[in-house]
């Protein structure tokens with residue numbers, strides 16, 4: 037197999053999947069109760085509230101980044117950092133308080 041190009045690496049690292057906030061909470065609980073070795077990088081969850089559109093989720097993510105002095109476009113060269121922010125935002129959405137970020 038040929039080595040992965042930077043573009044392929046970025047696409048793989050930033051792969052996402054849509055889910056609901058409730059489904060993601062259940063997934064996290066299941067993972068906590070049944071830990072398994074994590075051999076492959078998971079796709080980034082995009083947990084949506086009922087009736088919420090992906091475009092709205094992305095806008096909220098970008099606003100959340102801006103509150104932290106970051107811009108999505110500024111992370112183009114660092115997909116690992118971008119991945120970390122996407123995961124942080126997803127985890128924040130399913131926090132114990134249930135508050136929307």
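In the numbering used here, the protein residues as written are 37 to 137. Cβ atoms here follow ideal geometry from the backbone N, Cα and C, with glycine treated the same way.
Fully enclosed beta strand (DSSP E) runs of no fewer than 3 residues occupy 52–56 and 80–84 of the region 42–124, in order along the chain. Contact check for residue 115 against residue 49 passes: the beta carbons are separated by less than 8 Å. The beta carbon of residue 111 is closer than 8 Å to those of 117, 118 and 121 in its chain, skipping five residues each way along the sequence. In this structure, residue 101 lies away from residue 93, with their beta-carbon atoms at least 8 Å apart.
Taking every protein chain shown into account, the CB of residue 42 has fewer than 16 other CB atoms within 10 angstroms, so this residue is exposed. When rounded, the separation of the alpha-carbon atoms in residue 108 and residue 66 is 31 Å. Here residue 97 has 125 as same chain residues with Cβ atoms under 6 Å from its own Cβ, once five neighbours each way along the sequence are excluded.
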